[in-house]
Structures are given as structure tokens and as C-alpha cells.
DNA sequence: TCGTAAATCGTAAGCATTCCTATTTACAAC
DNA sequence: GTTGTAAATAGGAATGCTTACGATTTACGA
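Residue numbers (the working numbering), protein chains in the order written: chain W, 13 to 148; chain L, 13 to 148.
Now the structure itself:
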């Protein structure tokens, strides 16, 4: 997923194109790491004083539903990042300081599935946390 | 970790023994799955009408600090379970319906670590979600 | 240009969790 | 047993993140 694909997807699905939506997508396209609703609010409120949190969250959820963004929950707060949609299924190392990520191509489900006969597996989460080389 | 070990640990660390603490530990010893603060509140408020959420959370955190309980965050809400402390490091399958768990002995960190030179790894999370045989 | 549904604003409400003060209680020392 | 004291609890207010909602504005097709 890149910025143009995201903008086209929005248009093709019949959603209106607004400056705020463009700026939100540009923000995530540029950031390349997990960011929170309030990170986004701080950026947007410079350009749009008084922007509503309703707008922030509504669009975050919309983009998440359209698979433009992916999300995870860290320390009780939802974090969003631009989707790695086209790549092979993978997981993330997440920097505890800057939120940037590194792909982990190994998926642990490849190793454990045979042991779960009788269980209906619906999803899984594998994340590694620490400090990236820049933040150490 | 079992109930007696937990009670002894509390005593040895110099914490006071109260009926509520005993009941909280008995609750988790019996449940054997992830439970929330409000699950616990519902049980305790029968016996102790008007019990404070402060008491619930203070003790949950105390027990977590003492490693009597372990915790994870599911759907924006902290969940706690009796600690599997004595066992070898492992992860969990967690039933989305009843919260009960099944151990996963494989740890994905055994497979990915060499690829993370330059990264300081501090922690990781691996959980599998779905329905246990009983809940299907 | 206009009509309409979608998007946004401003603000209130919801929910889990934390914080604060007054009161009560466990337990050690006597 | 009685007493003193720090720890534990009750009751409720406050906080932080998220969602909800009526009123207003805007994008965009006709």
C-alpha cells in the first residue's frame, strides 16, 4: 500500500475526498511507524485549529476497515500504521521509543498449528518490542 | 504458582492478610483463565457490597508485581490470570469466549533472534486467539 | 448552480483506570 | 487482651482514551 493506492481506493469505494483525509494519509505514508490518534491530532490541529476528535477517530476506523491502515494496541492506546498489505504475511518489531517497525518474516503459527487439534484458531498476535538502532 | 504459594508469598513479603485478598486469590486459582477487573468486581460485590474499584485494582497490581498474576490486554481491557510461574517460558492460546488458556511451549524468539543485530530486544508478545473445544 | 448525502464540528457521554481523603482494619508490641 | 500504627479500604472525584450525537458545513453528481 502506498499513498496513491490509498487515495484511489478511497475514491473507488465512493468516499468523499477531503483535505483532512489527504493529510491523514500523507501523515501515515510519511511516518512509517505506529502512531496514535493524539499524535495525528497534534499534527492536524496546526493546519486545522479545532479539528474534532470525532474526525480523527472516524477516519482512522474508516482507513482501518479499508485496510489502508493496520493497528495494534500498545500501553492501553491504539496505534496505527500504514498497511504493509502487499507484502507476505509478517509480524513486526516495534521500537518502544520512536514506534518505527521492522518486519519479521517468520510466523510462529507455522510451528505450532499441528498441536491445536480441536481448537478453532481465529487470529494471532506476535510482536517484538525494544529499541531500534537509532534510538539506543 | 498455586493458592498456598500465593498466600505464603503475601505473608512473607509483609503484606496484610485480608478476606478480600484471600477471595481474590481463590477466584483466580479456581478460574484458570483470563479475567477482567469487572469480572472480579461482580464476584466480590456479592459478598462485599460496595467494595471499591480501588481495592480491586490495587490488589490486582500488587499480585501482578509479586508475579502471582500475569496480565495481557484484550480488546482495550486488562485481563489477569493466575501465574504459570514455575513452568518453562511459554505462551498462550486464549479462548475468545471463555478466556481459558492452553500453553504453547514453542517460543518464536528462538527462531528470529539472529536477524536482529543492532536492535535491543526488550520483550515480546505471542498469543493465539480462537475457540476452545468446549466453546465451539 | 443546486440538492443531498457525507463529512465535520463542538461537545457530551461512556468506559476502564487512577487518584485522593477519611475511615477502618490487621497485626505487632506491650 | 489492649493499644498504636501503618496498611488497607470505601466512596467518590478525576483522568485518559474513545465513542456518540445534533447542528452545521462541504464534496460532488445531476
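Just so it is clear, CB atoms sit at the ideal spot from N, CA and C, and this is done for glycine as well.
These numbers were taken from a predicted model, which means no experiment stands behind them.
Per DSSP, what are the beta-bridge partners of residue 144(L) in this structure?
Residue 144(L) is not bridged to any residue.
Does DSSP classify residue 136(L) as helix, strand or coil?
strand
Shortest alpha-carbon distance to residue 87(L) belongs to which of 98(L), 111(L), 18(L) and 95(L)?
That would be 111(L), whose Cα lies nearest to the Cα of residue 87(L).
Based on the DSSP output, what are the partners of residue 94(W) in its beta bridges?
81(W)
Please list, in chain order, all residues of the same chain as residue 84(W) whose beta carbon is under 6 Å from its beta carbon, the five residues on each side excluded.
91
Would you say residue 135(L) reaches chain W, if we count a Cβ-Cβ gap shorter than 7 Å as a contact?
yes
At a Cβ threshold of 7 Å, is residue 129(L) touching chain W?
no
Give the residues of chain L in contact with residue 139(W), contact being defined as C-beta atoms less than 7 Å apart.
136 and 137
Tell me the residue span of the beta strand (DSSP E) that contains residue 105(W).
103–107
Identify the continuous alpha helix (DSSP H) that holds residue 32(L) and give its terminal residues.
31–43 is the span of the alpha helix (DSSP H), which, as asked, contains residue 32(L).
Applying the 10 Å Cβ sphere with the 16-neighbour rule, what's the burial state of residue 95(L)?
buried
Could you check whether residue 123(W) and residue 113(L) sit closer than 7 Å to each other, using their CB atoms as the reference points?
no
Are at least three pairs of beta-carbons, each pair with one atom in the segment 51–62 of chain W and one in the segment 27–35 of chain W, less than 8 Å apart?
With the rule of 3 Cβ pairs closer than 8 Å, the segment 51–62 of chain W counts as touching the segment 27–35 of chain W.
Since residue 105(L) meets chain W, which of its residues come closer than 8 Å, beta carbon to beta carbon?
128, 131 and 133
Taking Cβ-Cβ distances below 9 Å as the criterion, which residues of the segment 31–62 of chain L are in contact with chain W?
From the segment 31–62 of chain L, no residue has a Cβ closer than 9 Å to chain W.
Can you give, in chain order, each stretch of the alpha helix (DSSP H) that sits fully within the segment 42–72 of chain L and has at least 4 residues?
49–59
Per DSSP, what kind of secondary structure is residue 112(W) in: helix, strand or coil?
strand
CA-CA distance, residue 120(L) and residue 140(L)?
Near 12 Å, if we compare the C-alpha coordinates of residue 140(L) and residue 120(L).
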